[in-house]
Structure formats: C-alpha cells, structure tokens
Amino acid sequence: MKLLITIVQDADAPALVKALSEHGFQSTKLASTGGFLREGNTTLLIGVEDDQVETVKAIIREKGRTRTRLITPGVPLAEAPDPFLAQPVEVRVGGAVCFVVDVEEFFKC
Amino acid sequence: MKLLITIVQDADAPALVKALSEHGFQSTKLASTGGFLREGNTTLLIGVEDDQVETVKAIIREKGRTRTRLITPGVPLAEAPDPFLAQPVEVRVGGAVCFVVDVEEFFKC
Amino acid sequence: MKLLITIVQDADAPALVKALSEHGFQSTKLASTGGFLREGNTTLLIGVEDDQVETVKAIIREKGRTRTRLITPGVPLAEAPDPFLAQPVEVRVGGAVCFVVDVEEFFKC
Ligand code: NI
Ligand code: NI
Ligand code: NI
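Order-wise, the sequence lines are chains Z, G and L. Per the working numbering, residue -13 is the first one in the first sequence, and the count goes up by one each step. Per the working numbering, residue -13 is the first one in the second sequence, and the count goes up by one each step. Per the working numbering, residue -13 is the first one in the third sequence, and the count goes up by one each step.
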C-alpha cells in the first residue's frame, strides 16, 4: 500500500475528494496553508493499494492540475472606456503536488 | 523508527492522546475532516521505536476502534406514546485508521 | 527525494518557512497542536532532494531548536519591592522534531 500525501488548491479539493470517492478511494483532509502552492490549499491523505496508484494519480491530475481559465474582469463599463479592459484575461488556477510514500502496514479497527 | 499516521474520531482523540502519553508515547494532533471516517476526525502523528509499534497499535485499538453503544433516544414521553420508541438503540461509534510508515531518520533539537 | 515532516513551535514557524524559502525550499504548513512540543505548534511538510537534506536539517536546527532566552518579568515596581523579582529569568523557547521519510515518487501538475 502507498500513502499519497497530496496538496491541492482549496478550490479543487471538493471535486477531487468527490471523484476519489466515486472511484472507491477514501481520503482524509488536513487543513494546510502556503508553501508549495499559492495560499489556501488542502492536504489530502489517500491510502491506495499498489495496483491502484496510477488510477489515483490520474484523478489527481484531472482535478487538481494547473490550468488556465479565461475570466472577464468585472470592470463597470463607465469606468472602463477602453474596450481592451473588457477582454477576457487568462489566469492560472489549480496546481497539485503529490508525495508517494510506502506504507509498511495498514489497519482499520 | 516508525511514524504511525493515525486517524481517529474527534470524540476518541483526547482519550487516545492521554493513553499514549501515559505509556510514554508523544503524539501531534492535526486537524482533519471527512474521508476515511465519518465527519469530525483527528489525525495523529505518532513516532514510535520499532519494538514499540505493537504496543501503540494495541492502544489505538483500545481507544479508537469501532464499537457499539446503546443509547436511549431522548424522546419526551408525551410525544412517544409507543413504548418501543423508548427502547435503547445500538449505534456505532469510533473507528480508527492507521498507516505505518518507515522513518529513515529522526531528530529533535 | 525525502519528505521532512517537521514539527516546530508556532512562534518559530514563520522564520523557518521564510528561511527555507530563501534557500529555495518550499513547505506546506499544517495546523497542529500538543504532543511532541508544548501547546501551539505547526507541522511543516518539506519535500527535499536527497542531497539537500543536510542543508534543510541545518535550517531547521537554526530556526527551530530549543534555546533559552532571558526575560525580565513585567512586575510593576510598586508590587515588587524585592529587587530580586526584577532580575531577568531564563526561559526555554523553541524546540523542533523532524521525521525524515523516503518519497518513492513525487509529482507536480
Ligand atoms: Ni474516472
Ligand atoms: Ni495500557
Ligand atoms: Ni543559510
């Protein structure tokens, strides 16, 4: 068994936990902050059988990876005479970090 | 040395930390939530010498395991004419999950 | 790669995170409490390449180690006629604990 210590953006954590759960993987959420990612991140502990690690990695990449999103700045028209200001802007969101650690023994009770 | 990353119900955490301490084992409490157990759990980091792992596992099982408890629903008599409603009900409480990870090096300073 | 699961006093955490960052090491802060150290500590997850572990250990020792500090008790003079009470007192502050765990695999996405 492996323990995947996974740090994702707060905004991505609920969707990742839900996707993991739908695929039968349980996770425990720890409150975390700063460091590897921008402020506001969540650390998940995910225990995974060896033959399922690639599946879980794919789910993490799907839900937590860095990607860009187009947002249109919410500038009131009166204050933005320059139409360029109303153009959508590409911002980076998400981003995940994952440490895979070997678990020598696991038990539930 | 091993690190026992242990997730228990919030309600069981104080008794577990106390029992560990009484047996000479220190633990660090992380706030956690959801996932492996019902809402409201606590993750403990417990560093343990190899020859003490079984002792600590036994303490975790003693204080954190899933067990049943009989509770009598607090229904006001006037609203529960059916005496069956006043019967004790068996509920599951507790439950722990433990990942044992090898520690290559440990230091205090 | 190694994961250094490091527990320091809350008061020392910002300086440690800053020193790590200045040396190019990222860390993730988990809220923690009790156990290995006096109340009010912080757990840091620090991912480190094998050849950098000694450097990071030195930074942890520099910023988090137990040391003494002289404090002068803030007793109002009127209430402390005995001049002995105004003498500086040596108190212990700080203290860190670090578990070094092997990371089998690491990814960012
Ligand atoms: Ni899927
Ligand atoms: Ni005992
Ligand atoms: Ni330096």
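In this text, a Cβ means the ideal position worked out from N, Cα and C, and glycines have one as well.
Per-residue contacts from residue i into chain G (C-beta, under 9 Å)
| i | result |
| --- | --- |
| L:Cys84 | Glu91, Phe92, Phe93, Lys94, Cys95 |
| L:Arg47 | Phe93, Cys95 |
| L:Gly50 | Cys95 |
DSSP-derived helix/strand/coil call for residue i
| i | result |
| --- | --- |
| Z:Val42 | helix |
| L:Arg51 | coil |
| G:Val3 | helix |
| G:Glu96 | Nothing about residue 96 of chain G can be reported from this structure: the residues present for chain G run from -13 to 95 only. |
| Z:Glu76 | strand |
| Z:Glu91 | strand |
Cross-chain neighbours of residue i in chain Z, by beta carbon under 7 Å
| i | result |
| --- | --- |
| L:Ala17 | Ala17 |
Own chain partners of residue i with C-beta closer than 8 Å, once the 5 adjacent residues on each side are dropped
| i | result |
| --- | --- |
| L:Ile45 | Leu2, Ala5, Leu6, His9, Phe11 |
| Z:Val39 | Lys(-12), Leu(-10), Val86 |
| Z:Val89 | Met(-13), Lys(-12), Leu(-11), Gly33 |
| Z:Asp37 | none |
| L:Arg47 | Ala82 |
| L:Lys94 | none |
is_contact[residue i, chain A] using C-beta, thresh 8 Å
| i | result |
| --- | --- |
| Z:Leu(-11) | This model lacks chain A altogether, as its protein chains are Z, G and L. |
Proximal chain Z residues relative to residue i, where beta-carbon distance stays under 9 Å
| i | result |
| --- | --- |
| G:Thr14 | Those do not exist, as G:Thr14 stays about 12 Å from chain Z at its closest Cβ, beyond 9 Å. |
| G:Ile57 | Under the 9 Å cutoff, chain Z gives no residues; its nearest Cβ is about 21 Å from G:Ile57. |
Other residues of its chain near residue i: CB distance less than 7 Å, five sequence neighbours each side excluded
| i | result |
| --- | --- |
| G:Glu35 | Met(-13) |
| Z:Pro74 | Leu56, Ile57, Thr58 |
| Z:Phe92 | Met(-13), Gly33 |
Under 7 Å by beta carbon: chain G residues contacting residue i
| i | result |
| --- | --- |
| Z:Gly33 | Phe85 |
Chain-order list of residues whose beta-carbon lies under 6 Å from that of residue i (same chain, five-residue window excluded)
| i | result |
| --- | --- |
| Z:Thr14 | Leu31 |
| Z:Lys49 | Asp(-2), Ala1, Leu2, Ala5 |
| G:Gly26 | Asp(-4) |
| L:Thr41 | none |
| L:Lys43 | none |
Closer than 9 Å at the beta carbon, the chain L residues around residue i
| i | result |
| --- | --- |
| Z:Thr29 | Thr14, Leu16, Leu31 |
Interface partners of residue i on chain L, CB under 7 Å
| i | result |
| --- | --- |
| Z:Asp36 | Result: empty, since nearest Cβ-Cβ is about 10 Å, beyond 7 Å. |
8 Å Cβ cut-off: residues of chain Z touching residue i
| i | result |
| --- | --- |
| G:Asp88 | Asp88, Glu90 |
Is the segment 49 to 59 of chain G touching the segment 74 to 87 of chain G, taking contact as three or more C-beta pairs under 8 Å? yes
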